[in-house]
Amino acid sequence: MSGSVHATAAAKHGGNPVLRAIGWLSQLCGIVSATMIVASVAITCQMIFIRFVLEGSTVWQTEGVTYLMIAATMLGLPYVQYLRGHVNVDLLPLMLPPRLRMALAALVLTLTLAVVGLMLWHGYEFWHEAWDWGETSNTPWNPKLWVPYLALPVGFGIYALQLAADFYAMATGIDHPFGLDPDTSLIDHTAERAD
């Protein structure tokens, strides 16, 4: 095996202003997502204090934490993609020569974009229906549902942008397929390169 078997830590932009802006947007999503998780923990602590120390009742906390955690998950998608943090099994890419590795990465990114595009479409319709009909949660707090549902199209939309940026960076040579150095391999492909 030649080289190190470590994938890139974050998406590369190669000085491209559009790729840099998409990366910045993905990082902003990560900050917002982390803030939502911290807020969820604080609200949960406040709810526990009210229920078990003050022996009072809570109205909005459980529902609010649920919406915040779902939004944090959706908005965290582009940031995790930016950091290359999604579950990745490198065995097959490491066994392939550089050209086949590129083809596999293109296939994976294309299929991922198709699935995310489908989720974006349905997420948008879900959000728009709640907006158009003025749906509420039918709980004592009764918030407008379009607000928490907005995380679906926004999260999947920015995730799709980050995936498209990764595809472009790979296709133009700014980044390597799967973030792996082309010389990194489990199998010696030097004989194949000589042909």
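Note that UniProt numbering has the sequence shown beginning at 1, numbered continuously upward.
We treat Cβ as the ideally placed atom computed from N, Cα and C, and that holds for glycine.
Every value quoted in this text rests on a predicted model; they were computed, and no experiment measured them.
Between LEU150 and THR136, the gap from beta carbon to beta carbon reaches 8 angstroms or more.
A Cβ-Cβ separation of about 29 angstroms leaves PRO78 out of contact with CYS45 under the 8 angstroms criterion. Per DSSP, ILE70 is one residue of the alpha helix (DSSP H) stretching across 61-82.
Here the alpha carbon of TRP24 sits roughly 45 angstroms from the alpha carbon of GLU55. Taking 8 angstroms as the cut-off, the Cβ atoms of MET119 and PHE178 do not count as close.
In the structure shown, the three-state DSSP call for THR136 is strand. For VAL18, the enclosing alpha helix (DSSP H) begins and ends at 17-48. Just so you know, the alpha carbons of SER40 and LEU68 end up roughly 6 angstroms apart. Looking at LEU91, LEU152, ALA11, ILE22, the one whose alpha-carbon comes closest to that of TRP121 is LEU152.
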